[in-house]
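Numbering (UniProt numbering), first residue to last: 1 to 327.
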């Protein structure tokens, strides 16, 4: 049986994963929350030269905490990291988090890693005084978390640009013949182009399933020019780009295995964007494992499958985010 997208073709096809978006149209920015209904094992891989992140150090192997309660992706550059504060506050109110000391008077500490993209120069009103909107956006996105959600100019990708085109938020999923599910979500604000030069075909077109991002294909006589990137940003500013993403799977992974999947998933960026991982990109990908399905033996071969599916599904999510923003 061939692998195929899940019923929603969204990251939420992984049972136990919900997604919420919130936007501020005046600011032209937004936030996305990927919520694990139960703590999920997590890892991260950062490849861009200008990252902005929170709590990624604790996802390294050998640290005290293996699991997280949510992942936050946000616009707003460094201001956007405050969205995780809003999400953490909501989780605390529900009694969720890591408890080192089990006493009624000691609150648990929600674990909410985050990554941001730069949308401060997109023309929105950033004159918010001494209080940014992002903690509030985090709360709104948390409250909106559900199994279905919009794609395109939503959430973290609300004010994004993909090269010289509109960026956006996209998601995709794949279910294997033996029942494993892998999902991806990406907020696309890249320096590089997602389109092949002179065409409407996405670089990710070989991974498209059932016309999910328009079905455009390069012409038969298309020839590759190593120095022609297509519709990339002409004058990138330092830190003014970034694609941030999250992979989720029901495969039960160890911290080291999740880290390997994250590193393999990075190739999904390079399948969908050209160039990528530039000095002014903050590209990063998180991985969540709900642990519902044990990896079959031998584990290395099964892990390679999950990593490759993560990369291909992420490439599709990137293209879907930009395609949905153009509709």
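Note that beta-carbon positions come from the ideal geometry of N, C-alpha and C, so glycine has one too. The structure displayed is predicted, hence computed values, not measured ones.
As a beta-bridge residue in DSSP terms, residue 285 pairs with 45, 245. Residue 161 has 166 as its beta-bridge partners, per DSSP. Exposure of residue 222 is indicated by the presence of fewer than 16 other C-beta atoms within 10 angstroms of its C-beta. Close CB contacts of residue 123 within its chain, under the 8 Å cut and outside five residues either way in sequence, are with 28 (chain order). Beta-bridge partners assigned by DSSP to residue 304: none are found.
For the pair of segments examined, the region 189 to 205 was found to touch the region 153 to 171: the number of CB pairs separated by less than 8 Å reaches three. Between residue 319 and residue 285 a beta carbon distance of about 16 Å is seen, past the 8 Å cut, so the two are scored as non-contacting.
According to the DSSP assignment, residue 266 belongs to no beta strand (DSSP E) but to the alpha helix (DSSP H) extending over 255 to 272.
Secondary structure of residue 275 (DSSP, three-state): coil. The beta carbons of residue 22 and residue 137 sit about 4 Å from each other, so the pair counts as a contact at 8 Å. Looking at the backbone, the Cα of residue 242 and that of residue 208 are separated by about 22 Å. Collapsing the DSSP output to three states places residue 24 in a strand. Residue 73: member of the beta strand (DSSP E) spanning 67 to 74, first to last residue. Under the DSSP assignment, residue 187 falls in the beta strand (DSSP E) whose first and last residues are 181 to 188.
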